[in-house]
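Presented below is the structure to which this report refers.
There are 2 protein chains.
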Amino acid sequence: MDQAVITYLSKNREKHLAELKEFLAIPSISSLPEHKEDVQKAANWAANALQEIGLENINVYPTEKHPVVYGDWLKAAGKPTVLIYGHYDVQPVDPVHLWDSPPFEAEIRENKLFARGASDDKGQVFMHIKALQAIFETTGTLPINVKFLIEGEEEIGSPSLPRFISENKELLSSDIIVISDTSMMEPGKPTICYGLRGLCGLQIDVKGPKSDLHSGLYGGAVQNPIHALVEIVNTFHNDKGRITVEGFYDSVADLTDAEKAAYHALGITEQSFIKQLGVPEMFGEEGFTTLERTWVRPTLEVNGIYGGFQGEGIKTVLPSEAHAKITCRLVPDQDPDVIVNLLQKHIQAHTPPGVTVTTSLFDKGAPFVTPFDHPAIQAAGRAYEKVYKVPTSYTRGGGSIPIVAAFDQILEKPVVLMGFGLPDENFHAPNEHFHLENFDKGLETICYYWYELERSL
Amino acid sequence: MDQAVITYLSKNREKHLAELKEFLAIPSISSLPEHKEDVQKAANWAANALQEIGLENINVYPTEKHPVVYGDWLKAAGKPTVLIYGHYDVQPVDPVHLWDSPPFEAEIRENKLFARGASDDKGQVFMHIKALQAIFETTGTLPINVKFLIEGEEEIGSPSLPRFISENKELLSSDIIVISDTSMMEPGKPTICYGLRGLCGLQIDVKGPKSDLHSGLYGGAVQNPIHALVEIVNTFHNDKGRITVEGFYDSVADLTDAEKAAYHALGITEQSFIKQLGVPEMFGEEGFTTLERTWVRPTLEVNGIYGGFQGEGIKTVLPSEAHAKITCRLVPDQDPDVIVNLLQKHIQAHTPPGVTVTTSLFDKGAPFVTPFDHPAIQAAGRAYEKVYKVPTSYTRGGGSIPIVAAFDQILEKPVVLMGFGLPDENFHAPNEHFHLENFDKGLETICYYWYELERSL
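As they're listed, the protein sequences go chains D and W. Going by my numbering, the letters in the first sequence line up with residues -17 to 439, in that order. Going by my numbering, the letters in the second sequence line up with residues -17 to 439, in that order.
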């Protein structure tokens, strides 16, 4: 890559920050109806910014709530095409009195930019736009083809996005998808999270006698719904922490040696988890480390259980009902629908006599992984290393990000999560900020990435 | 027995009812401080009534709250001595607007006496006094020695009674104890409940991580307190409904063939329970009927379980804590302290790794049984049969009556529960009443009982 790109970025830093402050000044809070026009204004701002740097086919697509901004540049014939995702909407700012500076008047203190959206996600969207501009301005072209998709509903759960993607597969077709809406592990430690777990959940409702009974008068002769529920729930795991639902692990992909080595290289000890969480010891599926258990192995957790008396002291009741809420975290190549089906069969097969058991379903989402050794992942790792001068960490995440699964499932292309936030930047809270070290280094990293990608894909 | 006793009772019926109405007019609500003087007034009324019929050594013993009334007649040399227990205090009357007649202005409608305390327990205490008076007046003596103990704290849990009994063992010494504060099974069906279960209870508190965790980020690597609790609770029973706590059944007395036959004779079908309770089937310890399971077998019931999220929908939490409340119903010769100890050992032995488990204790009470074939029980059965002209039913109860256990444990004499109430008489509720058929027949039954007892003990 031409060093002129880097020089351009440093020469224009003040101008860029001034522009970003403009973007951050728009209170585009997607969850509050009174800010609907502000959300539209932020969409227009993003569309203009794309146009100004030379992108084409700019469009602000209306949805049922807030618009999707699109723009592309597709003149790098024979080169890879990247779809860049971000969002221009932000979280509410309450309680406002806890902010040290007004949330929509961005202010720099100690090389951090304080404003709602500084890190999540206007700052990161803006970096992608300015990185392309830097390359355009210094070289007159781009090493790759790009498409931008910037939505305005991320903070309310992206209700319109899956449909928009499904209906615009052709428009959005690309070789890879880059999402900059996540965090690095810690300052100076570039991180690529290349997999997230999926999710499925259900509630188990156990019904026994038609009303609560006196446990002295009927206990021992009527199936207690709590006992029945406990009996069912206890069949989900063996005492080695392994899930015993038949077929549950059938489509779980094996962990590769390269991945094992990558996790080991992170240097995170079991002892550090024990201290952080305040538990006497870690516990989970036998044969796996904590990182493996939370990143690459599926889980089944009871998130809530309740039935009968919960007050102080004692009430000798045999309750009419008992309930449990469970969620599974899924890994490739588990299918949420298949797993839910296995769970329901298992529950049915393990229902003791004397009660009726029903289940109801919650939201579900597929797991996602872009293979660790995929060229797009490795190219991203090299780009980070060029700028940060330390090895990139390769991680997976135990949680789920619905939009990532949506891209992965609908467009069926590798997703690269290239995040420049930091865990302590107060996303969704007062005093959200963005470390400008990562603003500067991130801009460079993105530029390097497009050149690395050109050579890799 | 001289028929003159029966004639006396029928000749004085109106007079007796008028006197009972006086007793019922005193609002001796033991739980309400503003009725403290009324409670004292009722104690004095009972003491006077004992004196009027010829009892001696009348005393109104103060306690920390409400007094205990005592009186005796001990001139039947060489004859058995009976301690008669009852209480003169009553429950509150709220909500008063649901009463069809004022709770402290007794009114007879359809041969039922409506008033607070009519059945529980002033009516039954009064019957004992009048039965003795009838015998005194017609024969000039009594076939037995009697001692009366009438307390004023039954409706607030008899806090002073165990101490009073313990400190007055000599005063209260007797051959049997007769308690008239329970119910018959149904109209026209005399019933002797000759056993009640004891009770012990504890709460299990499971503590895992120091705060709630995100189940996506940590699930599968940290012992979930709900899973641990479920694992413990599931070890309490096998799938045949039998309790698997080691030693739990060691001191359980066997059911005799005569008792089995007596329960069978009650003619209560499993189907009637299924219908009444609205369950798909009855379930309990294999090899026993529902009556046996609730009367003569011990139980372990979870009365409440809770941990994690209980709201609508889903929350992907791995909770910091989970809790269960359990109670055991105990039968002779189980000792509550021994059982609590077995439970705690069992819980400790079955605690899975990764959590800390503590237990806290609730109230406990010993089980009670007067052997089915005890002469005092059989004599009571014959007395009922002379009046009601149908066979007496012999039952046990699944619940616990603390004062019964207190008498049984402290005085170590057979307790006979001779109740004349009916299950639908609204004890503790608006429109409490007493069926006067059982007032009349009960008076006769008591008189017959003293003569039967004279011959039997």
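Don't be surprised by glycine CBs; every beta carbon is placed ideally from N, CA and C.
Three-state secondary structure assigned by DSSP to residue i
{"i": "Asp54 of chain W", "result": "strand"}
{"i": "Arg(-5) of chain W", "result": "helix"}
{"i": "His69 of chain W", "result": "strand"}
{"i": "Phe108 of chain D", "result": "helix"}
{"i": "Thr374 of chain W", "result": "coil"}
{"i": "Asn41 of chain W", "result": "strand"}
{"i": "Lys129 of chain D", "result": "strand"}
{"i": "His196 of chain W", "result": "strand"}
{"i": "Ile350 of chain W", "result": "One point to set straight first is that residue 350 of chain W is Phe, not Ile, in the sequence displayed. Strand at Phe350 of chain W."}
{"i": "Asn26 of chain D", "result": "helix"}
{"i": "Phe86 of chain D", "result": "coil"}
{"i": "Leu404 of chain D", "result": "coil"}
{"i": "Val212 of chain W", "result": "helix"}
{"i": "Ile296 of chain W", "result": "coil"}
{"i": "Ile8 of chain W", "result": "coil"}
Beta carbon proximity, residue i to chain D, threshold 8 Å
{"i": "Thr298 of chain W", "result": "yes"}
{"i": "Met166 of chain W", "result": "no"}
{"i": "Pro318 of chain W", "result": "no"}
{"i": "Val188 of chain W", "result": "no"}
{"i": "Gly336 of chain W", "result": "yes"}
{"i": "Leu199 of chain W", "result": "yes"}
{"i": "Asp345 of chain W", "result": "yes"}
{"i": "Gly134 of chain W", "result": "no"}
{"i": "Glu241 of chain W", "result": "no"}
{"i": "Leu399 of chain W", "result": "no"}
{"i": "Arg265 of chain W", "result": "The sequence as given places Phe at residue 265 of chain W; Arg does not occur at that position. Chain D contact via Cβ: present."}
Limits of the unbroken beta strand (DSSP E) element including residue i
{"i": "Ala387 of chain D", "result": "Element bounds for Ala387 of chain D: not the beta strand (DSSP E) but the alpha helix (DSSP H), 384 to 393."}
{"i": "His305 of chain W", "result": "303 to 312"}
{"i": "Arg91 of chain D", "result": "89 to 91"}
{"i": "Glu283 of chain D", "result": "281 to 290"}
{"i": "Lys94 of chain D", "result": "94 to 96"}
C-beta neighbour in chain W for residue i, strict 8 Å
{"i": "Ser140 of chain D", "result": "no"}
{"i": "Thr281 of chain D", "result": "yes"}
{"i": "Val204 of chain D", "result": "yes"}
{"i": "Thr340 of chain D", "result": "no"}
{"i": "Leu259 of chain D", "result": "yes"}
{"i": "Arg145 of chain D", "result": "no"}
{"i": "Ala304 of chain D", "result": "yes"}
{"i": "Gly122 of chain D", "result": "no"}
{"i": "Asp221 of chain D", "result": "yes"}
{"i": "Ile208 of chain D", "result": "yes"}
{"i": "Arg311 of chain D", "result": "yes"}
{"i": "Glu407 of chain D", "result": "no"}
{"i": "Thr251 of chain D", "result": "no"}
CB contact below 8 Å: residue i versus chain B
{"i": "Gly269 of chain D", "result": "No chain B appears in the structure shown, which is made up of the protein chains D and W."}
Rounded distance between the beta-carbons of residue j and residue i, thought under 8 Å
{"i": "Phe146 of chain D", "j": "Val78 of chain D", "result": "Rounded, the Cβ-Cβ distance is 32 Å, inconsistent with contact."}
{"i": "Ala358 of chain W", "j": "Leu425 of chain W", "result": "So it is not a contact: roughly 20 Å between Cβ atoms."}
{"i": "His110 of chain W", "j": "Ile383 of chain W", "result": "The Cβ separation is near 18 Å, so there is no contact."}
{"i": "Ala100 of chain D", "j": "Phe86 of chain D", "result": "At roughly 11 Å, the Cβ-Cβ gap does not stay under 8 Å, so Ala100 of chain D and Phe86 of chain D are not in contact."}
{"i": "Ile174 of chain D", "j": "Ala362 of chain D", "result": "6 Å"}
Residue range of the unbroken alpha helix (DSSP H) whose run includes residue i
{"i": "Asp422 of chain D", "result": "418 to 438"}
{"i": "Lys222 of chain D", "result": "Careful: Lys222 of chain D lies outside any alpha helix (DSSP H) and carries neither H nor E."}
{"i": "Val501 of chain D", "result": "In this structure chain D extends from -17 to 439, so residue 501 of chain D is not present and cannot be described."}
{"i": "Tyr176 of chain W", "result": "Looking at the DSSP string, Tyr176 of chain W is not in any alpha helix (DSSP H); the run it does join, the beta strand (DSSP E), is 173 to 178."}
{"i": "Phe255 of chain D", "result": "252 to 259"}
{"i": "Ile147 of chain W", "result": "143 to 149"}
{"i": "Leu273 of chain D", "result": "272 to 277"}
Using 8 Å as the cut-off, can you tell me whether the segment 400 to 412 of chain W makes contact with the segment 194 to 207 of chain W, which would need three or more C-beta pairs spanning the two stretches below that distance? no
Under 8 Å, with one C-beta from each stretch per pair, do the segment 333 to 353 of chain D and the segment 367 to 375 of chain D reach the 3-pair mark? no
Decide if the segment 10 to 19 of chain W is in contact with the segment 36 to 43 of chain W; the criterion is three or more beta carbon pairs, one per stretch, under 8 Å apart. no
I want to know whether the segment 106 to 117 of chain W touches the segment 17 to 27 of chain W - three or more CB-CB distances under 8 Å. Touching, no, given that fewer than three Cβ pairs across the two stretches are closer than 8 Å.
Tell me whether the segment 63 to 78 of chain D and the segment 131 to 141 of chain D touch, counting them as touching only if at least three CB pairs, one residue from each stretch, are closer than 8 Å. These segments touch.
With a cut-off of 8 Å, do at least 3 Cβ pairs link the segment 257 to 264 of chain W to the segment 183 to 198 of chain D? Result yes; three or more Cβ-Cβ pairs closer than 8 Å.
Closer than 8 Å is the cut-off here; do at least three beta carbon pairs connect the segment 303 to 318 of chain W with the segment 282 to 289 of chain W? yes
Three CB pairs or more closer than 8 Å across the segment 374 to 394 of chain W and the segment 148 to 158 of chain W: In this structure the segment 374 to 394 of chain W lies against the segment 148 to 158 of chain W, because at least three pairs of beta carbons, one per stretch, are closer than 8 Å.
Do the segment 343 to 351 of chain W and the segment 168 to 183 of chain W meet, that is, are 3 or more Cβ pairs less than 8 Å apart? yes
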